[in-house]
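> If you scroll down you'll find the structure; I have some questions about it.
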Amino acid sequence: MKSLDLAGQGDFVDHRAIDLLKPDELLYLRLSSLRLMSDDLLSFVARAASLSSRVVLSIPLEEIDDVLLVQKILNVGVYGFALRMTHRPERWLLNQGLGDIYSGDRELIDRYSYLRSTFPLDRFLTVEFQVGEDTRVLGPSIMGVHQAGASWIVLNPLSEPSNERFRQFREVIEYLKIRGPNRLNVYFPFWRKDTAEWDLKTQNTFSCLEIVHIDISNRCSHSCVFCGLYGAEAIDDVKKRHGGTLPEGLKNLMKMEMNPEKCLGIIQSLPWSVRMIQFGGMGDPLMHESAVEIIAAARRRGFAVEVLSNMEYLSDDDIGLLHRLGSINSYEFHFIANVSAGTPELYVKTRPRQNEKTFEKVVRNLSLFRDLREQAGGIGVLITIMCVVNRLNCLGLLDIVKLAKEIGALQVWFKPMEIHGDMHRPYVPGDELMSAMARAYAEAIAYADECGVKVVQRDVCDEIIRKYSGDSVNV
Ligand code: SF4
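The opening residue of the sequence shown carries number 3 in the numbering used here; numbering runs sequentially from there.
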């Protein structure tokens with residue numbers, strides 16, 4: 003989601019601000035006036051609308067009556083408008099006889115209802131409430147506008163944050179929670195720096211979701227020795243306890259995947275406050291046959307995306323499609339590649355059911371992302387090479403960094419192995435390996451520094467080096 007506040011700041015607009023706008027990403031553009039829009043600003047809006055289907059212009063309420071102008075703006079592909087309305091509880095006080103405190107600011111609600119009913123059905127229309135000191139009927143007013151068709155609204159407090167203001171708005175949010183509106187999002191101003199503070203201190207659960215994790219597949223064809231579900235020992239261990247076969251419940255669990263329509267529906271319904279979606283699962287998310295479509299839908303909405311995968315299953319076409327949804331900001335679209343070995347020999351040792359061809363396919367896929375990114379001048383998908391450090395690979399960490407350098411990864415992540423049961427204990431590096439492992443860490447990190455590859459959780463690595471190599475290694 004991007005927002006630009008041009009209201010009261012003239013018409014100057016930096017056209018680069020929308021260079022990487024995604025096809026379904028919200029651009030919330032606050033204009034001082036539609037009527038006084040310069041040609042430059044109009045061409046900016048038209049370009050934004052050609053890039054995204056979700057360009058919303060915040061304009062003064064009265065300008066919506068200029069039918070020809072509004073139609074002209076809609077014709078360039080603008081999705082809709084947020085009408086800036088001043089919330090005036092005094093109107094409710096004057097008209098009390100017409101209703102009660104639960105009816106809200108009827109004049110405002112009626113105005114919106116009328117406009118919504120006459121506005122094109124395929125276009126968006128909402129309200130940006132300008133809220134002064136009195137918030138007594140703000141909750142019912144929001145409910146009224148929502149019931150008349152607004153799926154989300156913006157609350158713009160016309161004052162600086164203060165404890166008293168937070169208290170007032172907390173009461174409004176509390177009122178909405180009690181009413182339990184279906185699928186309403188309430189946003190504090192996107193364009194202000196204090197939005198997160200407003201969300202937090204008013205306990206605004208109508209929008210403040212920031213990171214979402216979606217498990218889309220439990221399936222995986224690999225056999226990592228450290229895997230709690232697909233590791234050979236993990237499977238043998240279950241079979242041993244169930245008369246030599248896998249219980250039906252576990253077999254079903256291993257096949258479980260999210261229904262693609264449901265997943266796409268969730269992605270479409272997430273609030274604009276979401277910054278990132280992480281895709282994972284007990285298996286590999288890319289085993290899902292709609293994985294690319296699902297990931298692409300998240301990117302099209304402009305969310306940052308992080309995917310944890312073994313990176314085997316993508317075709318060249320998939321990689322090309324995903325690359326085009328990349329970004330200049332390397333953290334916006336990010337694959338964590340669980341490779342856990344820097345050579346084919348070690349790869350096969352840590353995944354007994356895979357062969358060297360699998361390793362070659364993974365390296366080829368990662369290299370293709372690198373090539374496309376280089377051809378696009380650095381715009382594309384970021385790769386982190388993850389290594390789950392265990393007894394078999396703990397002396398091969400330098401090779402991991404070499405692989406990371408080869409495929410143009412930004413980062414390596416040496417992740418200590420988690421133990422899911424007794425069957426994993428043989429893979430934990432023993433005491434006799436500790437000092438050699440610490441040296442391998444030190445060597446790998448020194449090389450990463452030399453070739454500009456970042457190290458994730460470097461403090462954990464430094465602690466391992468410090469703890470197991472005494473003073474002999476300088477970190
Ligand atoms: S790739 Fe992931 S899910 Fe598959 S076996 Fe390895 S750790 Fe388990």
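Ideal Cβ positions, reconstructed from N, Cα and C, are used throughout, including at glycine.
If we ignore side chains and look at the alpha-carbon of each, how far apart do T128 and L316 end up?
What you label residue 128 is simply residue 126 of the sequence shown in a count that begins at 1. What you label residue 316 is simply residue 314 of the sequence shown in a count that begins at 1. Each residue's Cα considered, the two are about 40 Å apart.
> Are there 16 or more other CB atoms within 10 angstroms of the CB of H290, so buried, or fewer, so exposed?
Here the question's residue 290 lines up with position 288 in the sequence shown. By the 10 Å Cβ count, H290 comes out buried.
> Exposed or buried, which one is H336 when buried takes at least 16 other CB atoms within 10 Å?
Along the sequence shown, one-based indexing puts residue 336 at 334. So H336 counts as buried.
> If you check the beta carbons only, do C389 and L399 fall under 8 Å apart?
What you label residue 389 is simply residue 387 of the sequence shown in a count that begins at 1. What you label residue 399 is simply residue 397 of the sequence shown in a count that begins at 1. A contact, by the Cβ cut-off of 8 Å.
> Quick one: what's got a C-beta closer than 6 Å to V475's C-beta in the same chain, skipping five residues either side?
Locating residue 475 in the sequence shown gives position 473, counting from the first residue. The predicted position of V475 is uncertain, since its pLDDT is 44 and thus under 50; no value can be drawn from it.
> Given a threshold of 16 other Cβ atoms within 10 Å of its Cβ, counted over all protein chains shown, does F131 qualify as buried or as exposed?
Counting from 1 along the sequence shown, the entry for residue 131 is found at position 129. Under this definition F131 is a buried residue.
> Going by DSSP, what residue range makes up the alpha helix (DSSP H) through Q73?
Residue numbering aside, residue 73 sits at position 71 when the sequence shown is read from its first letter. Unbroken alpha helix (DSSP H) run through Q73: 69 to 77.
> Measure the alpha-carbon distance for L123 versus V227 and round it to whole angstroms.
To locate residue 123, count along the sequence shown from 1; it is residue 121. To locate residue 227, count along the sequence shown from 1; it is residue 225. Computed Cα separation, rounded: 55 Å.
> With distances taken from CA atoms, which of K4, S35, E64, K74 is nearest R56?
Position 54 of the sequence shown holds residue 56. If we check each option's Cα against that of R56, K4 comes out closest.
> Between the region 347 to 354 and the region 299 to 307, do three or more beta carbon pairs fall short of 8 Å?
They do not touch, by the three-pair rule.
> Examine the ligand SF4 and report whether any of its heavy atoms sits within less than 7 Å of the Cβ of L231.
On the sequence shown, residue 231 is found 229 positions in, with the first residue counted as 1. Flag set: Cβ of L231 near the ligand SF4.
> For a test of the three-state rule: what should DSSP assign to N476, helix, strand or coil?
One-based indexing of the sequence shown puts residue 476 at position 474. Bear in mind that the predicted position of N476 carries a pLDDT of just 43, short of 50, making it unreliable; the figure below should be weighed with that in mind. Three-state DSSP puts N476 in coil, outside helix and strand.
> Going by alpha carbons, who is nearest to G283 out of L160, L110, R221?
As a first step, residue 283 is located in the sequence shown; it is residue number 281 there, counting from the start. Closest option to G283, Cα to Cα, is R221.
> Could you check if F14 is buried or exposed, using at least 16 other CB atoms within 10 Å of its CB as the buried criterion?
Within the sequence shown, numbered from 1, the residue matching residue 14 stands at position 12. Per the 10 Å Cβ criterion, exposed.
> With hydrogens ignored, establish whether the beta-carbon of H244 is closer than 7 Å to any heavy atom of the ligand SF4.
Along the sequence shown, read from residue 1 onward, the residue named residue 244 stands at position 242. Incorrect: H244 has no Cβ contact closer than 7 Å to the ligand SF4.
> Cα-Cα, which of T197, W415, A339 is closest to C210?
Here residue 210 corresponds to residue number 208 of the sequence shown, with the count starting at 1. Nearest C-alpha to C210: T197.
> Does DSSP put T207 in a helix, in a strand, or in coil?
In the sequence shown, counting from the first residue as 1, residue 207 sits at position 205. Coil.
> Mind checking K479: buried by the 16 CB within 10 Å criterion, or exposed?
Given that the chain is displayed from residue 3 to residue 477, the structure contains no residue 479 and the question cannot be resolved.
> In the DSSP assignment, the beta strand (DSSP E) including V133 goes from what residue to what residue?
Counting from one through the sequence shown, the residue named residue 133 turns up at place 131. Here the beta strand (DSSP E) through V133 covers 126 to 133.
> Keeping to the same chain, check which residues put their C-beta closer than 8 Å to that of A51; ignore five residues upstream and five downstream.
Indexing the sequence shown from 1 puts residue 51 at position 49. So the qualifying residues of the chain are V57, V78, G79, V80, Y81.
> Quick check: Y114 and A150, are their CB atoms within less than 8 Å of each other?
In the sequence shown, counting from the first residue as 1, residue 114 sits at position 112. In the sequence shown, counting from the first residue as 1, residue 150 sits at position 148. Yes, the pair counts as a contact, with Cβ atoms nearer than the cut-off.
> How should H17 be labelled, buried or exposed, when 16 other C-beta atoms within 10 angstroms of its C-beta is the threshold for buried?
Position 15 of the sequence shown holds residue 17. Result: exposed.
> Go through its chain and collect everything with a Cβ distance to K264's Cβ below 8 Å, but skip five positions before and after it.
In the sequence shown, residue 264 corresponds to position 262, counting from 1. Once the five neighbours on either side are set aside, K264 has no close Cβ partner at all.
> If you follow the beta strand (DSSP E) that L399 is part of, which residue opens it and which one closes it?
To locate residue 399, count along the sequence shown from 1; it is residue 397. First-last for L399: 399 to 408, but that is the alpha helix (DSSP H), not the beta strand (DSSP E).
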